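Protein chains in written order, with this note's numbering: chain F, 1 to 198; chain R, 1 to 198; chain H, 1 to 198; chain X, 1 to 198.
By construction, the Cβ of each residue, glycine as well, lies at the ideal position given by its N, Cα and C atoms.
Please read these numbers as outputs of a predicted model, since none were measured by experiment.
A short worksheet on the structure shown next.
Protein chains: 4
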Amino acid sequence: MPSVPRKPDPTRRSERSRQAILEATRELISEVGYAKLSVEAIAARAGVGKQTIYRWWRSKGAVVFDSFLTLSEGVDGMALPDTGDIEADLKAVMRATVAEFADPTFEAPIRALNLEIASDPDLAAQYREKLAGPVDEAKKERLRSAQRAGQIAADADLDLALELLYAPLYQRWLLRSGPLTPEYADAVVDHVLRALRP
Amino acid sequence: MPSVPRKPDPTRRSERSRQAILEATRELISEVGYAKLSVEAIAARAGVGKQTIYRWWRSKGAVVFDSFLTLSEGVDGMALPDTGDIEADLKAVMRATVAEFADPTFEAPIRALNLEIASDPDLAAQYREKLAGPVDEAKKERLRSAQRAGQIAADADLDLALELLYAPLYQRWLLRSGPLTPEYADAVVDHVLRALRP
Amino acid sequence: MPSVPRKPDPTRRSERSRQAILEATRELISEVGYAKLSVEAIAARAGVGKQTIYRWWRSKGAVVFDSFLTLSEGVDGMALPDTGDIEADLKAVMRATVAEFADPTFEAPIRALNLEIASDPDLAAQYREKLAGPVDEAKKERLRSAQRAGQIAADADLDLALELLYAPLYQRWLLRSGPLTPEYADAVVDHVLRALRP
Amino acid sequence: MPSVPRKPDPTRRSERSRQAILEATRELISEVGYAKLSVEAIAARAGVGKQTIYRWWRSKGAVVFDSFLTLSEGVDGMALPDTGDIEADLKAVMRATVAEFADPTFEAPIRALNLEIASDPDLAAQYREKLAGPVDEAKKERLRSAQRAGQIAADADLDLALELLYAPLYQRWLLRSGPLTPEYADAVVDHVLRALRP
DNA sequence: CCCTAAACGAGACGGTACGTCCGGTCTTGAC
DNA sequence: GTCAAGACCGGACGTACCGTCTCGTTTAGGG
């Protein structure tokens, strides 16, 4: 008897347990760090049986991921500031990103999330669809506005533009390969805008 | 007497064991992946006592890291090709990087190494010093040659230049956020050179 | 309001479910053995909700016990053979008992039942009343007949007599402390009859 | 890789752990009863890793069994009292057995042991060899003495004699099928001696 | 004939324990 | 004193069941 694992019925899922698990996960990542996070501890903190976690998530990584999804659910309709000055606007956004990376409260969980995504292609796909996608779309919308204003080339590849802007920040932060300062953000913006000029 | 762990005498270290451990580590990362790599398995595969691993390395990550150091020992004196055409040279190098990332043989170990570095600031420092540093220096040397040839601005920040070039590739690869093609490498080079023009 | 568990109404009990549960129990004891018997498995096999089991039985042991009661319902009016020769009759009955103990079909369930009874005084009481009692009464009736025929002492303690006869068989079987052969049964009968002679 | 479970080296076994485990087992059986005894609890109480238990014992039952072996190690050379009066001596011994069965301190562990033996043929074999065997030999020695004294038949089957004596007590105790009194023990002895008379 | 209340199947839930794996420490005997 | 070997304590893993608790869905009188 190969014990066919019947799949659970989502309509009967306990929302209370789901919330408790995601909240416990977020708390524990902040408290003990991602490396020492255990399903056992999540279940205990959430007042939940371990099976309830394994029933609804494939892996610890999936729980971690979901705990972030929930955090940033309101981001969807988000739009970036548009003062008409693409350079100023980008620098503001990039400096905010730098500040977020520097904030020790965010540092640990975001790092956990990124390690999880880097390890698991499935989560990476979900990440792009649910988290990165909408945010990137908002950013590209701002770049399109700049295209219309003639501030960057009309035929610029906006996906590439985004990567030229953010990847250097991301890499410095993830690998700690250099100081992550507002000035650095500014320098990146200056260079990339130069590359994108009409 | 509180067992003061006298530190081992490196002169008596068994080179044979060291090699066996590093080799077993490389093999196992390729075979079972980084997530399922265990000290136990390394010791068994290497025909070595676990203590011998713990005696000489702080953590599993340190072993993984060292297993790469050994791999790339000959890289030190390396210089990049210099045909006089910075654009062609950069595209060649970047396309090689893309190919390396795409090679399934390298994929797993490099990913393991990067996860380890992202998790452990100490290893990150070692990484910069021992691995990234020399390679980056060679790359910067090529850029300096281009500066002298007037192909890129004399006052360009070469560290930044390197990051603008490599970070987009790195990010796409690590997060699987898009296709990693030679054309993509070319596009990045084109943009960055534009930003760096005198 | 502390959920007073109103007790179920037996008149509305589903006979179909009851039968399915008892049958599934018997099957599973034979198939996987008593130690690995689980309420979950019984419910699944019987196509029944777990609650239906817990509604009508106190414990797994109670189900096991009941599954035997049902098996041996027709035994009540049973009478032992009476050829007039107590020795021959007893030997026949005892040999039959030996055969039953040796039959692998009966072995597992009977053992399960005995372990359950040995663990739970309540079940033991039920066992005496519902199963052992009637059977013992039939056996004692045969002994009384022998008393009237002057084959065993008129003042013999028949309960003790039964125990002298059956306990040695039972012990050998339960603890596997020796071979359980027809000859052994005969020897026991011979000795006990000698002890009971007028 | 079928993970060949290499067998442990008994010469390196920790005697301290072994003792702690057996002692914890005895304590827990007395405290919480056999049904609620868990390997987890034994390990915790003994201050031992669970693996250390699973390394040296096949099952929980085997641990329980061993914890009894250790208890009764001094019994080996034991000899029964021999006043020359077999009836008096047997009654004394049987009454002692009755008392032991009645003692609530012994009740739980002995019952646990018997359930374990009844469930597991391997343990049953060990039981006969290590525990029951020596004790039975002492009892048979006393019976042989009675044979020499002409109190019981010279050709009596002493194994059978032992079973006729003890099985009724054992059965009454295990199944709680009747009161276990000194008088009952006496009655059994009287009958069995009558059956064994020369 | 419908209404309603109970029993029912299904199975999610909070838990406990399972038996396994591995981390990191400690011990033994060979070299 | 390092080494291979591996026992040890501890703790987390992912699974199996426990007994309880909803969920709709039958089902069977009583109105």
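Asked, Found
"Per-residue contacts from Ala108 (chain R) into chain F (C-beta, under 9 Å)", "Per Cβ cutoff of 9 Å: no residues; Ala108 (chain R) is ~11 Å from chain F at best."
"Which listed residue (F:Arg18, F:Leu165, F:Glu129) has its alpha carbon closest to that of Leu160 (chain R)", "F:Leu165"
"Interface flag, Arg95 (chain H) vs chain X, CB-CB below 8 Å", "no"
"Proximity below 8 Å, CB of Ala20 (chain H) to CB of Ala46 (chain H)", "yes"
"Under 8 Å by beta carbon: chain X residues contacting Ser100 (chain H)", "One detail in the question is off: residue 100 (chain H) reads as Glu in this sequence, not Ser. Under the 8 Å cutoff, chain X gives no residues; its nearest Cβ is about 17 Å from Glu100 (chain H)."
"Limits of the alpha helix (DSSP H) - the one that Trp56 (chain X) falls within", "50–56"
"Ala153 (chain H), DSSP secondary structure in three states", "coil"
"Chain X contact for Gly178 (chain H) (CB, 8 Å cutoff)", "yes"
"Among H:Leu143, H:Arg148, H:Ser30, H:Leu196, the one whose alpha carbon lies nearest that of Glu107 (chain H)", "H:Ser30"
"Pair within 8 Å by beta-carbon distance, Pro109 (chain F) and Arg12 (chain F)", "no"
"DSSP-derived helix/strand/coil call for Arg128 (chain F)", "helix"
"Same chain only: Cβ atoms within 8 Å of Val98 (chain R), ignoring 5 sequence neighbours per side", "Leu169, Leu180, Thr181, Pro182, Tyr184, Ala185"
"Whether Pro102 (chain F) touches Val64 (chain F) by CB criterion (8 Å)", "Checking the sequence, you will find Ala at residue 102 (chain F) rather than Pro. Going by C-beta atoms, Ala102 (chain F) is not nearer than 8 Å to Val64 (chain F)."
"Residues of the segment 178–196 of chain F with Cβ closer than 9 Å to any Cβ of chain R, in chain order", "Gly178, Tyr184, Ala187, Val188, Asp190, His191, Val192, Leu193, Arg194, Ala195, Leu196"
"Endpoints, the alpha helix (DSSP H) within which Tyr166 (chain R) is located", "158–175"
"Buried/exposed call for Ser177 (chain F), threshold 16 Cβ in 10 Å", "buried"
"Cβ shell of Gln151 (chain H) (< 7 Å), same chain only, five flanking positions each side left out", "Ile86"
"Residue from F:Val39, F:Arg58, F:Glu40, F:Leu193 whose Cα sits closest to the Cα of Leu123 (chain F)", "F:Arg58"
"Cutoff 8 Å: Tyr170 (chain F) Cβ touching any chain R Cβ", "yes"
"Ser119 (chain F) and Leu115 (chain R) closer than 8 Å at C-beta", "yes"
"Proximity test, Cβ basis, 8 Å: Asp103 (chain R) and chain F", "no"
"6 Å CB neighbourhood of Val188 (chain F) in its chain, flanking five on each side removed", "Pro168"
"Minimum Cβ-Cβ distance from Leu22 (chain F) to chain R less than 8 Å", "no"
"Ser72 (chain X) beta carbon less than 8 Å from that of Leu131 (chain X)", "yes"
"Check: Gly150 (chain H) C-beta below 7 Å from any heavy atom of the ligand COA", "Looking for the ligand COA in the displayed structure turns up nothing, as the structure carries no ligands at all."
"Contacts of Ala132 (chain R) in chain F (Cβ-Cβ under 9 Å)", "Leu175, Ser177"
"Cβ neighbours of Ala156 (chain X) in the same chain (closer than 8 Å, five flanking residues each side left out)", "Leu143, Gln147, Leu196"
"Proximity test, Cβ basis, 8 Å: Glu163 (chain R) and chain F", "yes"
"Spatial distance of Leu37 (chain R) from Leu28 (chain R) (CA atoms)", "7 Å"
"Residue-chain proximity (Ser67 (chain H), chain X), Cβ-Cβ < 8 Å", "no"
"Contact set between Ala124 (chain X) and chain H, taken where Cβ atoms lie within less than 7 Å", "Leu175, Arg176"
"Beta-carbon neighbours of Ile29 (chain F), restricted to chain R and to distances below 9 Å", "Here the premise fails: no neighbours, minimum Cβ distance about 13 Å."
"Residue range of the unbroken alpha helix (DSSP H) whose run includes Ser30 (chain H)", "15–32"
"Proximity of Ala138 (chain H) and Leu90 (chain H) at Cβ, strictly below 8 Å", "no"
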